[in-house]
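K.L.:
2 protein chains.
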Amino acid sequence: MVGLEISKKSDSDSIKNNRLSDAVINLDQGDPTAFQEYWMKMKDRCTVVIPGWDMMSYFSNTTDVCWFLEPELAKAIKALHGAIGNAATEERYIVVGTGSSQLCQAALFALSSLSEVKPVSIVAATPYYSTYVEEASYLQSKLYKWEGDARTFDKNGPYIEMMTSPNNPDGTIREPVVNRSGKVIHDFAYYWPHYTPITRRQDHDLMLFTFSKITGHAGSRIGWALVKDIEVAKRMVQYLTINSIGVSKESQTRATTILNEITKICRNKSESFFEYGFEKMKSRWERLREVVDSGDTFTLPNYPQAFCNFFGKSISNSPAFAWLGCKEERDLGSLLKENKVLTRGGDRCGCDKKYVRVSMLSRDDDFDIFLHRLATIKDLKCIKP
Amino acid sequence: MVGLEISKKSDSDSIKNNRLSDAVINLDQGDPTAFQEYWMKMKDRCTVVIPGWDMMSYFSNTTDVCWFLEPELAKAIKALHGAIGNAATEERYIVVGTGSSQLCQAALFALSSLSEVKPVSIVAATPYYSTYVEEASYLQSKLYKWEGDARTFDKNGPYIEMMTSPNNPDGTIREPVVNRSGKVIHDFAYYWPHYTPITRRQDHDLMLFTFSKITGHAGSRIGWALVKDIEVAKRMVQYLTINSIGVSKESQTRATTILNEITKICRNKSESFFEYGFEKMKSRWERLREVVDSGDTFTLPNYPQAFCNFFGKSISNSPAFAWLGCKEERDLGSLLKENKVLTRGGDRCGCDKKYVRVSMLSRDDDFDIFLHRLATIKDLKCIKP
Chain U
1 MVGLEISKKS
11 DSDSIKNNRL
21 SDAVINLDQG
31 DPTAFQEYWM
41 KMKDRCTVVI
51 PGWDMMSYFS
61 NTTDVCWFLE
71 PELAKAIKAL
81 HGAIGNAATE
91 ERYIVVGTGS
101 SQLCQAALFA
111 LSSLSEVKPV
121 SIVAATPYYS
131 TYVEEASYLQ
141 SKLYKWEGDA
151 RTFDKNGPYI
161 EMMTSPNNPD
171 GTIREPVVNR
181 SGKVIHDFAY
191 YWPHYTPITR
201 RQDHDLMLFT
211 FSKITGHAGS
221 RIGWALVKDI
231 EVAKRMVQYL
241 TINSIGVSKE
251 SQTRATTILN
261 EITKICRNKS
271 ESFFEYGFEK
281 MKSRWERLRE
291 VVDSGDTFTL
301 PNYPQAFCNF
311 FGKSISNSPA
321 FAWLGCKEER
331 DLGSLLKENK
341 VLTRGGDRCG
351 CDKKYVRVSM
361 LSRDDDFDIF
371 LHRLATIKDL
381 KCIKP
Chain D
1 MVGLEISKKS
11 DSDSIKNNRL
21 SDAVINLDQG
31 DPTAFQEYWM
41 KMKDRCTVVI
51 PGWDMMSYFS
61 NTTDVCWFLE
71 PELAKAIKAL
81 HGAIGNAATE
91 ERYIVVGTGS
101 SQLCQAALFA
111 LSSLSEVKPV
121 SIVAATPYYS
131 TYVEEASYLQ
141 SKLYKWEGDA
151 RTFDKNGPYI
161 EMMTSPNNPD
171 GTIREPVVNR
181 SGKVIHDFAY
191 YWPHYTPITR
201 RQDHDLMLFT
211 FSKITGHAGS
221 RIGWALVKDI
231 EVAKRMVQYL
241 TINSIGVSKE
251 SQTRATTILN
261 EITKICRNKS
271 ESFFEYGFEK
281 MKSRWERLRE
291 VVDSGDTFTL
301 PNYPQAFCNF
311 FGKSISNSPA
321 FAWLGCKEER
331 DLGSLLKENK
341 VLTRGGDRCG
351 CDKKYVRVSM
361 LSRDDDFDIF
371 LHRLATIKDL
381 KCIKP
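In C-alpha cells form, the structure reads like this:
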C-alpha cells in the first residue's frame, strides 16, 4: 500500500541542508531519481528474482521481427498504453532498445538507409533536445546530416523531423513544423499523465517511448518504438543487431514486472504510480513558480490547462524539465554554475544562453537545495557580470 | 555442487532425435546455450534478487571515467583476470558495454576520432569475424572505412587492425599482421581456458572481452574493454553515452554475481566452470573430428598443443566455432542448408565458400543432430551440384 504523501521539506530543513551541504547539485542530466521514494514504499512488490541458468540465449522470439524482444515485455507495453490511452499499439511492430537513445539512432538509420537520396537532413524545432544533435552528428554518417532548427529549414530533398511532445526542454505541446513529405520521429518520452494531460491517443508511423521517464528506472536502459511499416521496423532491428546484438534480457524482465504492476494499479487512487507522480510533479512546479514569481529575475513558460482523458479532469503540464529564463541578457548557465547548480545551457538546445534546462526529477534534497540557491540568486537581483 | 558429467548422447538417441525432429538447426550465430546445463546444476547459487527501488539512476560512479560502470563489476572483472591469468588489468581503465559489439564500435569511434587523418582504414586478416565488416560499414561513417584483408592491406595513412585470438571463425592463435604504426584492437572474446591454452598474460593497449562467451550469458549483453590510454577510454565512454547512455545495471549486477562465483570456485576441480567448460568443448571436438576423420569429404584445422598456465598442463584448442571445409570445390553453406543445418558461409569471413563457420556452443540436442546430419552428407560423398 503506497500513500501519496509527497515529501515537502520545510524552509528551515532546506536551509539546514544548504548549510550542511556545499555540494554541487547536478540538474543537467534528467536523472529521474525523484520517483525512488514511491518504489521504496512499494517494498518487495516489484522485486525480480533471476536464477543463474535463465535468459542465457541471444534470442527471445525468433518468429518476431524484433527477435530479441521478450514476448512478455511486448504484452506489458501494449497493456500499459491501453490502460493510459496515450498511444495506439494495434497493427504495429514493437522494437525494444537500450533506452530510447539507441532507438532514435536505429530510426535515423532505418529511415535514411531506405531513402533513395542521401544524406537525409535531420531537423528539430528549437529549443530541441540537445542529444539529438550529438546522435545525428558524432559518427559523421553519410546517411544523414544534422541541419538544425526545423523552423528555418528550407533545403529540398528528404528530411527527418525529430518531434518531441511534450517538448524536451521547454515542456510545450508540439506538432511537426516542416510539413512537407518528409518523415517524422515522434518522441513521446514525456507523454504520460504525471507530466501532461493525455488529450488524445497518438497514432503516428514511428513513436518512441522510454521506461526511464515513466517510472524513473533510468538504470535499466529500456525504451521501445511503435512502428507501422515493417520495412522500417526490420531496418531498426538490423541496426540494433549490429550495434549491440539486442537488448539486456534482465532489464526487459524487470521492466515487464514493473510496467505490469503500474498498469494493474493505475486506477487505484491510493496506490497508482501516475496519481503519485502527478501530485509529486505538480507540487514541485508550484514550489518552483513560487520562488520565480516572488522576484523579478527569472522566467518560466506558462502552460494552458487541458482535459486529461486519463484523470478525467482538466490539468496543466508539469514537465520533467524546467525551461528557466533570465529577464536580463546574460549567461544563465554560468550564473547558476557559480551558485553550484549544474544545468544545460540553452545554446546546446539551439537557443540563447539566457535560458537553461533544469531537471525537475532530482531527489528531494537536491530539489530543495536548488530552490534555496535560486531564491538566493534572485535576492542578488541578477547582478550583471 | 556441480559434477562434470558431460552429456554424451548415444548414436541411437541421436538418430531418434533426427527422426523425431525435422527442424532446421541454426549454428550460424554463436548462441552459447551449451553451458546452460552447468548453470542448471548450480541451482540458486547465482540467483540475483533486485528490488523495485534499486538501480534507478543513470549513474554508477561519477568519479570513474566510465561513470556508468558498477564498481562491484569492475572489481569482479579484475579478480577474474587475476585468477585466470589471461590479461593484465593494472593501470587500465575498464569500460563496460552492451556486449563487446558495442565496445568494438566505441573503440573504432575513439581511435578514429583521435586520428588527425580520416577516414582511418579498418582491416582484419582473413578469415575474419564477419560482424566486423558490418560494424565498420553500416553507418557509412566518414571517420573510418572498412578495407578488408589485413594481409593485402597496403594503403598509407592511419589504420586500425582488428585482431581476434583465438580467431573467430577458425580458432587459430594470432598476432597482428600489418605491423606498421597503426592501432590494434585485441579482441580476446575466446581467450579463456575452456577454449584455448592460456600461454601468457595479455598486456595490450586495447583489449575486448565478453561475458557471453565466458559463461554463456549472451542474453545479458555485457562486455568490457581494458584500455591503457585515458583519452581513448574517455572517447569510448563518450560513444557509449551518446549511443545508449550507458549499460543496463541489472545485467551488470548479474554479471558481477556470476563472475565472482566462477572466480571463487575456479580451482575447485569438481565445481569449476572452466574445468566443466574445458571437458565439454574437448568432448564436442573429439566427436566432431571422429565424424570428419571417418570420411574423405570435410576438413578441420589442426591445432598445436601448448602449455596452459591455468590448468598447469599441455592442452589443445577447442574453439567456440568449427571452421569446417569441404575437400571439393563447392558451396558448403548451401550443401549444409539443404541438409537443414544453418552455418555462416566462408565468403562472409573474406574467404572461399568451401568453408563455413559452425557454432560449437549449441544445446546438446542440436549438436547431436548436427553430427548425425554431417555423417549423412559424408556418406553421400559430397555429390557435385
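Protein chains in written order, with full-length UniProt numbering: chain U, 1 to 385; chain D, 1 to 385.
We put the beta carbon where it would ideally sit given N, CA and C, even for glycine.
Which word fits D:Asn268, buried or exposed, when buried means at least 16 other C-beta atoms lie within 10 angstroms of its C-beta?
P.N.:
As a working note, residue 268 of chain D is residue 268 in the second sequence. Classification of D:Asn268: exposed, given that the 10 Å Cβ count is below 16.
K.L.:
Taking three-plus beta-carbon pairs below 8 Å as touching, is the region 194-212 of chain D in contact with the region 83-96 of chain D?
P.N.:
Output reads yes: the region 83-96 of chain D touches the region 194-212 of chain D.
K.L.:
Which runs of the alpha helix (DSSP H) at least 4 residues long sit entirely within the region 11-75 of chain D? Give them in chain order.
P.N.:
Whole alpha helix (DSSP H) segments, 4+ residues: 11-20, 36-41.
K.L.:
Determine the direct distance from the alpha carbon of D:Lys249 to that of U:Ser251, and round the result to whole angstroms.
P.N.:
Within the first sequence, numbered from 1, the residue matching residue 251 of chain U stands at position 251. Within the second sequence, numbered from 1, the residue matching residue 249 of chain D stands at position 249. So the two alpha carbons sit approximately 8 Å from each other.
K.L.:
So does D:Asn86 have its beta carbon nearer than 7 Å to some heavy atom of the ligand MG?
P.N.:
The ligand MG is not among the ligands present in this structure, which contains no ligands whatsoever.
K.L.:
For D:Asn339, which residues of its own chain have a beta-carbon under 6 Å away from its beta-carbon, when the five flanking residues on both sides are left out?
P.N.:
Locating residue 339 of chain D in the second sequence gives position 339, counting from the first residue. Hits under 6 Å: Arg373, Ile377.
K.L.:
Go ahead and pull the three-state DSSP assignment for U:Tyr132.
P.N.:
Translated into positions along the first sequence, residue 132 of chain U becomes position 132. The answer is helix: DSSP assigns U:Tyr132 an H, G or I state.
K.L.:
Taking 8 Å as the threshold (C-beta atoms), are D:Ile245 and D:Tyr58 in contact?
P.N.:
Against the second sequence, residue 58 of chain D aligns to sequence position 58. Against the second sequence, residue 245 of chain D aligns to sequence position 245. Going by C-beta atoms, D:Tyr58 is nearer than 8 Å to D:Ile245.
K.L.:
For U:Met207, which residues in chain D fall below 9 Å Cβ to Cβ?
P.N.:
Position 207 of the first sequence, counted from the start, is the residue given in the question as residue 207 of chain U. Result: empty, since nearest Cβ-Cβ is about 19 Å, beyond 9 Å.
K.L.:
For D:Val184, which residues does DSSP report across the bridge?
P.N.:
Sequence index remark: in the second sequence, residue 184 of chain D carries index 184 (1-based). D:Val184 pairs with D:Glu161.
K.L.:
Would you be able to state if there are at least three C-beta pairs under 8 Å between the region 90-109 of chain D and the region 272-287 of chain D?
P.N.:
Contact fails: fewer than three Cβ-Cβ distances are below 8 Å.
K.L.:
Could you pull out every residue in the same chain whose Cβ sits closer than 6 Å to the Cβ of D:Gly295, ignoring the five residues on either side in sequence?
P.N.:
Position 295 of the second sequence, counted from the first residue, corresponds to residue 295 of chain D. These residues qualify, in order along the chain: Lys378.
K.L.:
DSSP three-state call for D:Leu4: helix, strand or coil?
P.N.:
Here residue 4 of chain D corresponds to residue number 4 of the second sequence, with the count starting at 1. At D:Leu4 the pLDDT is 41, less than 50, meaning the model places this residue with poor confidence; the figure from the coordinates comes in the next sentence. If DSSP states are grouped into helix, strand and coil, D:Leu4 belongs with coil.
K.L.:
Could you name the residues of the same chain whose beta carbon sits closer than 7 Å to that of U:Glu72, not counting the 5 residues immediately before and after it, in chain order?
P.N.:
Start at 1 with the first residue of the first sequence, and residue 72 of chain U comes out as number 72. Within the same chain, U:Glu72 has close Cβ partners Thr256.
K.L.:
Closer than 7 Å, Cβ to any Cβ of chain A: which residues of the region 208-230 of chain D, in chain order?
P.N.:
In the structure shown, chain A does not exist; the protein chains are U and D.
K.L.:
In the DSSP assignment, the alpha helix (DSSP H) including U:Phe153 goes from what residue to what residue?
P.N.:
Along the first sequence, one-based indexing puts residue 153 of chain U at 153. Here U:Phe153 belongs to no alpha helix (DSSP H), and DSSP marks it neither H nor E.
K.L.:
Can you name, in chain order, every residue of its own chain whose Cβ lies under 6 Å from the Cβ of D:Phe209, other than the five neighbours on each side?
P.N.:
Here residue 209 of chain D corresponds to residue number 209 of the second sequence, with the count starting at 1. For D:Phe209, where only same-chain residues beyond five positions count, the Cβ hits under 6 Å are Phe188, Trp224.
K.L.:
Give me the residue from U:Asn168, U:His217, U:Tyr191, U:Phe367 with the minimum Cα distance to U:Gly350.
P.N.:
As a working mapping, residue 350 of chain U is identified with position 350 in the first sequence. That would be U:Asn168, whose Cα lies nearest to the Cα of U:Gly350.
K.L.:
Along chain D, which residues have their Cβ under 8 Å away from the Cβ of U:Phe274?
P.N.:
For this step, residue 274 of chain U is matched to residue 274 along the first sequence. Under the 8 Å cutoff, chain D gives no residues; its nearest Cβ is about 16 Å from U:Phe274.
K.L.:
Between U:Ile160 and U:Ile122, which are expected to be in contact by the criterion C-beta below 8 Å, what is the C-beta distance as a whole number of angstroms?
P.N.:
As a position in the first sequence, residue 160 of chain U is number 160, starting the count at 1. As a position in the first sequence, residue 122 of chain U is number 122, starting the count at 1. Right, their Cβ atoms sit about 5 Å apart.
K.L.:
Would you identify the three-state DSSP class for U:Ser137, choosing helix, strand or coil?
P.N.:
One-based indexing of the first sequence puts residue 137 of chain U at position 137. Correct three-state label for U:Ser137: helix.
K.L.:
Between D:Leu4 and chain U, is the shortest Cβ-Cβ distance under 8 Å, so that the two count as touching?
P.N.:
As a position in the second sequence, residue 4 of chain D is number 4, starting the count at 1. Residue placement at D:Leu4 cannot be trusted, given a pLDDT of 41 that sits under 50; the coordinates are not used to answer.
K.L.:
Counting only the same chain and skipping the five closest in sequence on each side, list residues whose C-beta sits under 6 Å from that of D:Met162.
P.N.:
Position 162 of the second sequence, counted from the first residue, corresponds to residue 162 of chain D. The answer, listed in chain order, is Ala124, Tyr132, Ile185.
K.L.:
Give a yes or no on whether the C-beta atoms belonging to D:Thr98 and D:Arg221 are separated by under 8 Å.
P.N.:
On the second sequence, position 98 is the one that residue 98 of chain D refers to. On the second sequence, position 221 is the one that residue 221 of chain D refers to. Contact: yes.
K.L.:
Any residues in the region 42-74 of chain U with a beta carbon nearer than 9 Å to a beta carbon of chain D? Which ones, in chain order?
P.N.:
Flagged, chain order: Met42, Lys43, Asp44, Arg45, Cys46, Thr47, Val48, Val49, Ile50, Pro51, Gly52, Trp53, Asp54, Met55, Met56, Ser57, Tyr58, Phe59, Ser60, Thr62, Phe68.
K.L.:
Which one of U:Val178, U:Gln105, U:Thr126 has the shortest CA to CA distance from U:Tyr144?
P.N.:
Looking up residue 144 of chain U in the first sequence gives position 144. Nearest option by C-alpha distance: U:Gln105.
K.L.:
State the beta-bridge partners of U:Arg344 as determined by DSSP.
P.N.:
Translated into the one-based positions of the first sequence, residue 344 of chain U becomes position 344. Partner(s): U:Arg357.
K.L.:
Where are the alpha helix (DSSP H) runs, 4 residues long or more, that stay fully inside the region 225-271 of chain U, in chain order?
P.N.:
Whole alpha helix (DSSP H) segments, 4+ residues: 230-244, 249-264.
K.L.:
Is the Cβ-Cβ distance between U:Lys280 and U:Ala34 less than 8 Å?
P.N.:
As a position in the first sequence, residue 280 of chain U is number 280, starting the count at 1. As a position in the first sequence, residue 34 of chain U is number 34, starting the count at 1. Taking 8 Å as the Cβ cut-off, U:Lys280 and U:Ala34 qualify as a contacting pair.
K.L.:
Could you have a look at D:Lys327 and say whether DSSP puts it in helix, strand or coil?
P.N.:
Taking the second sequence and counting its residues from 1, one reaches residue 327 of chain D at position 327. In the structure shown, D:Lys327 sits in coil (DSSP, three-state: anything other than H, G, I, E or B).
K.L.:
Check distances from the C-beta atoms of the region 151-166 of chain D to those of chain U and list, in chain order, the residues that come in under 9 Å.
P.N.:
So the list is empty, because no residue satisfies the distance condition.
K.L.:
Just grab the DSSP bridge partners of U:Gly223 for me.
P.N.:
One-based indexing of the first sequence puts residue 223 of chain U at position 223. Partner(s): U:Gly97, U:Thr210.
K.L.:
State yes or no: is the beta carbon of residue 387 of chain D nearer than 8 Å to at least one beta carbon in chain U?
P.N.:
Because chain D here runs from 1 to 385, residue 387 of chain D falls outside it and cannot be looked at.
K.L.:
Mind checking who U:Ala306 pairs with in its DSSP beta bridge?
P.N.:
Within the first sequence, the letter at position 306 stands for residue 306 of chain U. U:Ala306 pairs with U:Ile315.
K.L.:
Cutting at 6 Å between CB atoms, please list the residues of its own chain near D:Asp366, excluding the five before and the five after it.
P.N.:
For the purposes of this step, residue 366 of chain D is identified with residue 366 of the second sequence, where counting begins at 1. So the qualifying residues of the chain are Ile25.
K.L.:
So with Cβ pairs under 8 Å, would you call U:Tyr128 a contact of chain D?
P.N.:
Position 128 of the first sequence holds residue 128 of chain U. Output row for U:Tyr128: interface = no.
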